[in-house]
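Heads up, the thing below is written out as structure tokens.
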Amino acid sequence: MRRGLRAMLRTRVFDDRLFRAHRQGKTSFYMKSTGEEAIGAAQALVLERQDMCFPTYRAMSWLHARDYPLIDMVNQIFSNASDPLHGRQLPILFSARDYGFYSLSGNLGTRYGHAVGWAMASAYRQSDSLALAYCGEGSTAEGDFHESLTFAAVYQAPVILCVTNNQWAISSFAGLAGTQDTTFAARAIGYGLPGLRVDGNDFLAVAAATQWAAERARANKGATLIELFTYRATGHSTSDDPTRYRPRDEAEHWPLGDPIERLRQHLVRIGEWDAQRHDDLIAQLDAEVRAAVREGEAIGTLGRSKPPLSEMFEGVFAEPDWRLIEQRREAGA
Ligand SMILES: Cc1ncc(C[n+]2csc(CCOP(=O)(O)OP(=O)(O)O)c2C)c(N)n1
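Here it is in structure tokens:
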């Protein structure tokens, strides 16, 4: 639980600092996970190293829980010469195989199908590794969601399919994805899968539901759909102004509360945490994040440092297509 608290706090401290870096012109784009930190943190700690998470941009607490190096995140966000992804991905669309974090895509819904396919391959190889996929509630309206559930059910894929229902898809509320009179968890029933609806702001509830689904998958009983009910406490991204479509004080009225505060209170109540340790941890994480940002700034922020142009033509195709060869010659790279 203390590791979970640390992961959630690291996510929040990092988000706040990097959001500010965007306002200072140091990166082109950023997205925060504020209010949703319990989900990735609990699931990253419950699942095994060989399992694979197929993320969305709102699942960064997974990487924080697994101690992905802050400097690699910062360099990717600044798109500088040390960006581990060589400038090929939009800021925060990370890819970290060694941390069980599959390449993130801005094309919503696509990772659901990849996760089911990966899980089917795992079963075929008689491995007990499982896949976990995230989908925002808005993205469940995509065909990918429904195709993936069909395949997951038919092939009994060892996969945990999560819908993070943060109630907003940019400016569209969750009902517009078709759940005005039902739930996202209930989608599972039509496919013959179990569907759980979990308080996504309760670290322990997320962990318990995930553990249940993981045991089921490893026992060859197939897929589980988990709706994680949560709330996107801040704007959609650095390009969004939520006051244009929802009440300014809506977050304060969110009845299920801040996941960090809830786990902190629980730990204090059972005598495993106190105010001093909490403040010290925040100060320590803040210092670590500041140091990583300084280190990244020394390499270069947006436009001040870039991966070499030649990187654009490498590492994607085994044999470059003639068009790429021509473009590379024209670019002088
Ligand atoms: C296939 C596709 N359609 C549309 C978009 C544009 N888009 C980016 S984020 C977003 C809202 C997604 O909402 P949701 O799935 O609920 O996830 P959340 O951002 O709330 O975590 C949209 C429509 C996209 N990136 N990809």
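Read in our numbering, the sequence shown has 61 at position 69, and its numbers run on one by one without any break.
Yeah, the Cβ is synthetic: ideal placement off N, Cα and C, and Gly gets one too.
Backbone secondary structure at residue i - three-state DSSP
i	result
arginine 58	coil
leucine 122	coil
tryptophan 314	helix
aspartate 331	Because the chain spans -7 through 325 in this model, residue 331 falls outside it and cannot be assessed.
alanine 161	strand
proline 23	One point to set straight first is that residue 23 is methionine, not proline, in the sequence displayed. The answer is coil: DSSP assigns methionine 23 none of H, G, I, E or B.
methionine 0	helix
valine 308	coil
methionine 65	helix
glutamate 129	coil
arginine 117	coil
isoleucine 84	coil
isoleucine 152	strand
Cβ distance (whole Å) where residue i is taken to contact residue j below 8 angstroms
i	j	result
isoleucine 291	asparagine 72	5 angstroms
cysteine 127	leucine 220	10 angstroms between Cβ atoms; not a contact.
Beta-carbon gap between residue i and residue j smaller than 7 angstroms
i	j	result
alanine 180	glycine 187	yes
tyrosine 237	serine 121	no
threonine 216	alanine 199	no
alanine 13	leucine 37	no
proline 299	aspartate 75	yes
serine 131	leucine 100	yes
glycine 27	alanine 225	yes
glycine 214	phenylalanine 70	no
tyrosine 116	isoleucine 84	no
phenylalanine 176	alanine 30	no
Nearest candidate by alpha-carbon position, reference residue i, set the options
i	options	result
tyrosine 147	Ala166, Gly167 and Ala113	Ala113
glutamine 42	Asp241, Thr19, Gln81 and Ala88	Ala88
alanine 133	Met(-7), Trp110, Pro299 and Tyr104	Tyr104
histidine 78	Gly307, Tyr60, Trp110 and Arg208	Gly307
histidine 245	Tyr223, Ile274, Ser231 and Asp232	Tyr223
glutamate 40	Thr202, Glu242, Ile218 and Gln276	Thr202
aspartate 232	Arg15, Leu(-3), Arg(-2) and Met(-7)	Arg15
cysteine 45	Gly17, Gln81, Pro61 and Tyr94	Tyr94
alanine 328	Ala169, Tyr22 and Gly109	Since the first residue of the chain shown is -7 and the last is 325, residue 328 is not available in this structure.
threonine 156	Phe137, Ala149 and Arg296	Phe137
tyrosine 183	Asp173, Ile262, Ala149 and His270	Ala149
arginine 210	Ile274, Ser119 and Ser53	Ser119
Beta carbon proximity, residue i to chain B, threshold 7 angstroms
i	result
glycine 98	Of the protein chains in this structure there is only one, and it is not chain B.
Open item on the list: Three or more C-beta pairs under 8 angstroms: does that hold for the region 270 to 282 against the region -5 to 9?
Closed with: Result yes; three or more Cβ-Cβ pairs closer than 8 angstroms.
- [ ] Count the C-beta pairs between the region 29 to 36 and the region 57 to 68 that are closer than 8 angstroms, then say yes if the count reaches three, no if not.
- [x] Verdict: yes, contact present.
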